[in-house]
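Number of protein chains: 2
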Amino acid sequence: MALEIFGDRWSLLIVRDVMVRGYRTFQEFLQSGEGIASNVLAERLKRLRAAGILTAQRADGDGRKICYQLTQKGVDLAPAVLDIFLWSAMYEPTAAPPAVVERMAHNREQIVQEVRRRWAAKDPTPVLPRFGDAR
Amino acid sequence: MALEIFGDRWSLLIVRDVMVRGYRTFQEFLQSGEGIASNVLAERLKRLRAAGILTAQRADGDGRKICYQLTQKGVDLAPAVLDIFLWSAMYEPTAAPPAVVERMAHNREQIVQEVRRRWAAKDPTPVLPRFGDAR
DNA sequence: AAAATAGATTGCGTAATGCAAGTGACCCGT
DNA sequence: ACGGGTCACTTGCATTACGCAATCTATTTT
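Residue numbers (this note's numbering), protein chains in the order written: chain A, 36 to 170; chain B, 36 to 170.
Here you go:
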């Protein structure tokens with residue numbers, strides 16, 4: 036299984052952040068509230084690029100920033116990420132409002148399509164609103 | 036997200052083995068070919084029980100063996116496990132035969148139902164046949 | 001009773017992780 | 001054009017987790 040890549044605490048969290056939260060830069064990942072260390076983040080981003088899940092390019096307009104994006108292989112993780120999110124929401128009271136979760140569970144395929152659409156359009160708008168801590 | 040539990044190399048592999056391969060005992064997990072160490076396996080099984088994903092009981096007929104089974108919370112991981120499997124199969128040539136993968140991708144919900152059915156019936160028959168190494 | 005098996009624990013060396021500080025490139029206001 | 005700040009990392013170091021082999025207890029088999 037894919038656990039050579041995702042068999043750690045952070046990789047999937049990074050993929051989710053770029054996928055549904057619209058995060059793009061090192062700082063955004065760092066300050067996302069999960070508490071990843073900068074050295075580990077750098078190493079994970081490198082691995083995700085090496086695995087063909089993320090690509091990186093300098094942001095136009097600011098030569099310091101590096102803009103991370105999903106590849107096709109990366110967005111194809113959307114169903115898995117969504118399922119894990121739904122499972123989490125089902126068994127951990129801390130996540131999103133039940134109504135939102137309910138709606139998502141019923142519209143699974145539609146939400147996946149929406150993630151794909153925004154990816155293809157390079158639209159960084161988060162698919163999920165921010166409800167406190169939607170971990 | 037659920038990565039306090041699954042943010043490691045083994046937990047999800049164990050869940051998958053008990054879910055689709057019908058593994059039940061310490062030895063089966065140990066010898067499943069992934070190469071987990073016995074101390075780590077013991078610790079993961081403990082954590083998965085503590086997380087309410089597995090239950091354990093002595094096997095009737097052999098008081099040495101301990102029979103691990105999924106809880107409801109555990110089988111509810113079936114969609115996520117299946118999605119990860121399908122994603123793996125899509126991008127790693129080493130997994131199952133393409134025809135099988137194709138069929139599974141088209142019958143996702145049906146396969147999840149089958150996993151649930153066998154769980155409810157306590158039927159340990161593997162949902163997936165063993166193709167060499169179906170990791 | 002002795003040997004074997006199952007689940008798990010212990011000790012130990014190595015690898016991964018967390019944390020704080022530092023580096024070099026780039027941007028921005030003066 | 002200079003100084004300060006930001007950004008994406010690196011580095012050094014202490015702590016933790018992991019892999020591996022040996023060992024332990026309980027139970028089953030012969």
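Where a beta carbon is used, it is the ideal one built from N, C-alpha and C, also for glycine.
Just so it is clear, the structure is predicted and the values come from calculations on it, not from any experiment.
Residues in its own chain within less than 6 Å of residue i by CB, not counting five upstream and five downstream?
| i | result |
| --- | --- |
| R170/B | Summary for R170/B: the model assigns pLDDT 39, below 50, so the residue's position carries little reliability; its value from the coordinates is reported in the next sentence. So the list is empty, once near-sequence residues are dropped. |
| D168/A | Confidence is the limiting factor: at D168/A the pLDDT is only 47, short of 50, which leaves the residue's position unreliable, though a coordinate-based value still follows. Excluding positions up to five away in sequence, the list is empty. |
| I71/B | W45 |
| P133/B | none |
Could you work out which residue in the options is closest to residue i when comparing CA atoms only?
| i | options | result |
| --- | --- | --- |
| D97/A | P133/A, A85/A, T60/A | T60/A |
| M139/B | A156/B, P114/B, Q92/B | P114/B |
| G42/B | P159/B, R79/B, F64/B | R79/B |
| L112/B | L121/A, G109/A, V110/A, A94/A | L121/A |
| G109/A | A91/A, P128/A, K100/A, I71/A | A91/A |
| Y103/A | L76/A, A134/A, P128/A | L76/A |
| T106/B | R153/B, A134/B, H141/B, R99/B | R153/B |
| L163/A | E149/A, K157/A, A156/A | E149/A |
Tell me which residues share the same chain as residue i and place their Cβ nearer than 8 Å to its Cβ, disregarding the 5 neighbours each side in the sequence.
| i | result |
| --- | --- |
| I40/B | S46, R82, L83, A86, I88 |
| V136/B | L121, A124, M125, A130 |
| R151/B | V110, A113 |
| I101/B | T60, F61, A91, Q92, R93, A94 |
| K157/A | Q104 |
Within a Cβ cutoff of 7 Å, which residues of the same chain sit near residue i, ignoring the five residues on either side of it in sequence?
| i | result |
| --- | --- |
| L117/A | R143, I146, V147 |
| Y58/A | D52, F64, S67 |
| S73/B | L65 |
| A37/A | none |
| P161/B | V55, R56, G57 |
| L48/B | E69 |
| P159/B | G57, R59 |
Per DSSP, residue i forms a beta bridge with which residues?
| i | result |
| --- | --- |
| A97/B | Rather than Ala, the amino acid found at residue 97/B in this sequence is Asp. Answer is A94/B. |
| Y103/B | A91/B |
Note to self: At a CB distance below 8 Å, what residues from the stretch 57 to 68 of chain A approach chain B? Give them in sequence order.
What the structure shows: Cβ contacts with chain B come from no residue of the stretch 57 to 68 of chain A.
Margin query: Output needed in chain order: residues of the stretch 115 to 141 of chain A with a Cβ under 7 Å from some Cβ in chain B.
Written below: Hits within the stretch, in order: A115, D118, I119, F120, W122, S123, M125, Y126.
Notebook entry, point to check: Between the stretch 82 to 116 of chain B and chain A, which residues of the former have CB atoms less than 7 Å from a CB of the latter, in chain order?
Noted result: Hits within the stretch, in order: K108, D111, L112, P114, A115.
Checklist line | Inside the stretch 110 to 141 of chain A only - beta strand (DSSP E) runs reaching at least 3 residues | finding: With a minimum length of 3 residues, no continuous beta strand (DSSP E) run stays inside the stretch 110 to 141 of chain A.
Note to self: Please give me, in chain order, every unbroken run of the beta strand (DSSP E) with length at least 3 that falls completely inside the stretch 46 to 94 of chain A.
What the structure shows: Scanning the stretch 46 to 94 of chain A for uninterrupted beta strand (DSSP E) segments of 3 residues or longer gives 89 to 93, listed from N- to C-terminal end.
Margin query: Please identify, using Cβ separations under 7 Å, the residues of the stretch 36 to 51 of chain A that lie next to chain B, in order along the chain.
Written below: Shown in chain order are the members of the stretch 36 to 51 of chain A whose Cβ falls below 7 Å from a Cβ of chain B: M36, A37, L38, G42, D43, R44, L47, L48, R51.
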